[in-house]
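Asker: Below are the structure tokens for one structure; questions will follow.
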Amino acid sequence: MNTIFLPMFAHVILCVVLYGLLTIARAPSVWGLGKRADGSNPFQSIQPKLSANLSNQFEWPVFFHLVCVLLISTDSTISSAYYLLAWVFIAGRVLHSGVQIFTSNIRLRGSVFTINFIAVLAMWVMYSIEKMSS
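Under the working numbering, the first residue of the sequence shown carries the number 5, and numbering increases by one thereafter.
Here you go:
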């Protein structure tokens, strides 16, 4: 198995966890499960943040998955730099999710996103240079 698959799978697991959390956060409003005594949803403030974060998982991360698929499909030796950048991306996504869901700190969220952005951009630059030089 190509180990660049592992960070890809880790991102899928992150998305599964986010879908699960969003389902729990919506349960009081949708199914009436877990409502407060006054009938309100205890997760009302976090639900929009979860939803927004889940949507974010299908924006820039698409470029991560695409470069990984390209690396796998070429069947060439994948340098350790790709693995490092892939795991930096995953750590950044997890951190970004935590910041977006549990805080309102836009500056911090932007800084954390920059980690993700640069990791994937670096993977694309490396891949492009390799393809242009071969």
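Each residue gets a CB set at the ideal place from its N, CA and C atoms; glycine is no exception.
Because the structure is a prediction, the values reported are computed rather than measured.
Quick check on DSSP: helix, strand or coil for W128?
Answerer: The answer is helix: DSSP assigns W128 an H, G or I state.
Asker: Have a look at A85 and G114 and give me their C-alpha separation to the nearest angstrom.
Answerer: Whole-angstrom Cα-Cα distance: 24 Å.
Asker: When you compare each of L22, V73, I8 to V98 by their alpha carbons, which one comes out closest?
Answerer: With distances taken between Cα atoms, V98 lies closest to L22.
Asker: If contact is defined by three or more beta carbon pairs under 8 Å, each pair taking one atom from either stretch, is the region 47-54 in contact with the region 110-128?
Answerer: Cβ pair count under 8 Å is below three, so no.
Asker: Looking at F9 and I82, is the spacing between their C-beta atoms short of 8 Å?
Answerer: Contact: no.
Asker: How far does the alpha helix (DSSP H) with K53 in it extend, from its first residue to its last?
Answerer: From DSSP, the alpha helix (DSSP H) with K53 extends over 51-60.
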